[in-house]
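Visitor:
Numbering (the working numbering), first residue to last: 5 to 134.
Spelled out as structure tokens, the structure:
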């Protein structure tokens, strides 16, 4: 599986967390890269943080599947980082992420309740002991 567009390991070389392929030269390069990767044997390509119209064009030009993460609805599949979609990290949420839950709050509350019960001696109770 190949990965083009925003590649987090190269974020500093790409100028930060920015959409890739917004201008014609970079869009042409991403399309060429996708075709080269397919010819090299990639079985699918992740398109991260690319304009939806470009992702659609790349998807239409390939015989292999594209997986979008911030690439729009026209990719063959979609992926999100589970920590983002479950709301485990509260300081930053990428634009392309839909939060399906806000578990960070529930986790903090559960941990605080556990600590409180241990300090009070109400946990473990008889039902949690042998």
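Just so you know, even glycine gets a beta-carbon here, dropped at the ideal spot from N, CA and C.
In chain order, what residues of the same chain lie with their CB nearer than 6 Å to the CB of residue 93, ignoring the 5 residues before and after it?
Guide: 87
Visitor: Going by DSSP, what residue range makes up the alpha helix (DSSP H) through residue 56?
Guide: 56–65
Visitor: Please list, in chain order, all residues of the same chain as residue 73 whose beta carbon is under 6 Å from its beta carbon, the five residues on each side excluded.
Guide: 52 and 83
Visitor: Which of helix, strand or coil does DSSP assign to residue 121?
Guide: helix
Visitor: Which same chain residues, not among the five before or five after residue 97, have their C-beta less than 7 Å away from its C-beta?
Guide: 88 and 103
Visitor: Is the Cβ-Cβ distance between residue 42 and residue 68 less than 8 Å?
Guide: yes
Visitor: Using 8 Å for Cβ pairs, my map puts residue 59 next to residue 75. What's the rounded Cβ distance?
Guide: 4 Å
Visitor: What did DSSP end up calling residue 44 once you bin it into helix, strand or coil?
Guide: coil
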